[in-house]
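To start, the structure itself, in structure tokens.
Numbering (the numbering used here), first residue to last: 50 to 188.
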């Protein structure tokens, strides 16, 4: 079980690293004035999104594997159910990032760099919530 937990945490850290950096690229993309810079940022965004998506899949997969060791306990724990809700929001955020990658690559995004600066903060809030729920288990 400890190996499963270790890999769950490793993939989660890798996934979050991508989710912290990808919206930062969006900020730079929204501020870019020339086509060459936008093209370079588009390529970076697409590659990073493709790179971190498997980390999301492995994080969820190893999380389900960990849960399977004691379904009754986890599914009966309020802290865990809230954590799963936050993970669901993070998955939705991940796919929203994919949507922004597509819109920016097509020059169809109407969002400003200020929007993306705020958008960039969401995974930080999720990370705080998840870590507090897992470590402190307040409920």
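Even glycine gets a Cβ: it sits at the ideal position worked out from N, Cα and C.
| Check | Outcome |
| --- | --- |
| Cβ shell of residue 154 (< 6 Å), same chain only, five flanking positions each side left out | 91 |
| Beta-carbon proximity of residue 80 to residue 162, cut-off 8 Å | yes |
| Distance CB(residue 150)-CB(residue 98) smaller than 8 Å | yes |
| Residue of 116, 77, 108 minimising C-alpha distance to residue 165 | 77 |
| Local Cβ density within 10 Å of residue 108, reported as buried at 16 or more and exposed below that | buried |
| Simplified DSSP assignment, three categories, for residue 134 | helix |
| Residues of its chain near residue 75, where Cβ-Cβ distance is below 6 Å and the 5 sequence neighbours each way are ignored | 149, 165 |
| Local conformation of residue 161 per DSSP, three classes | coil |
| Burial state of residue 221 (16 or more Cβ within 10 Å) | Residue coverage of the chain in this structure runs from 50 to 188, which leaves residue 221 outside it and unanswerable. |
| Residue 104 and residue 172 closer than 8 Å at C-beta | no |
| Residue from 130, 159, 68 whose Cα sits closest to the Cα of residue 143 | 68 |
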